[in-house]
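Each residue of the sequence shown is one higher than the last, beginning at 32 in my numbering. Report on one structure; see the data block that follows.
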Amino acid sequence: MTWLLRYALTLLIEIPIAAALVPREMRRRMLVDAFLLNTLTHPLLTVALRWEGVEFWPGEVLVLLAEALGYHLVTGLRPGRALLVSTICNGITVAVALIIGS
């Protein structure tokens, strides 16, 4: 699977899930923030995995934590909610990737 297809799949999975996990009044903001955070973290993880020798699981945990921090600082979610949203979104994305063999 190409990087662009993996990136698109990540966005298709994580953006609507992230928006569904926040209060209604925050959904529009979350749609934008989830897009921007994934646009930052996805290519960085891809480069780290391919050229820097980072292992998949530690890299994925760093992405999860970076996105949680972004959901807290940028979106304004409480730290626990931010971590929960990031964990659910990234967990589902990883599960789908493992199922389809990406």
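Note that CB positions come from ideal geometry on N, CA and C, so glycine has one too.
| Asked | Found |
| --- | --- |
| CB of valine 125 within 8 Å of CB of glutamate 91, strictly | yes |
| Neighbourhood of arginine 38 by C-beta distance below 7 Å, restricted to the same chain and skipping five residues each side | For clarity, residue 38 is tyrosine in the given sequence; the question names arginine instead. So the qualifying residues of the chain are His73. |
| Straight-line Cα distance separating alanine 99 from leucine 115 | 8 Å |
| Residue burial classification, valine 78 (beta-carbon count within 10 angstroms, cutoff 16) | exposed |
| Presumed contact (8 Å Cβ cut-off) between threonine 70 and leucine 95, rounded CB distance | Wrong, their Cβ atoms sit about 16 Å apart, outside the cutoff. |
| Top-ranked residue by Cα proximity to alanine 49, from Leu35, Gly122, Leu80 and Gly84 | Gly122 |
| Selected residue, minimal CA-CA separation from proline 54, among Leu104, Arg109 and Arg81 | Arg109 |
| Outcome for leucine 52 when other beta-carbon atoms lying within 10 angstroms are tallied against a minimum of 16 | buried |
| 8 Å Cβ cutoff met for glycine 101 and leucine 75 | no |
| Beta-carbon proximity check, valine 105 vs aspartate 64, cutoff 8 Å | yes |
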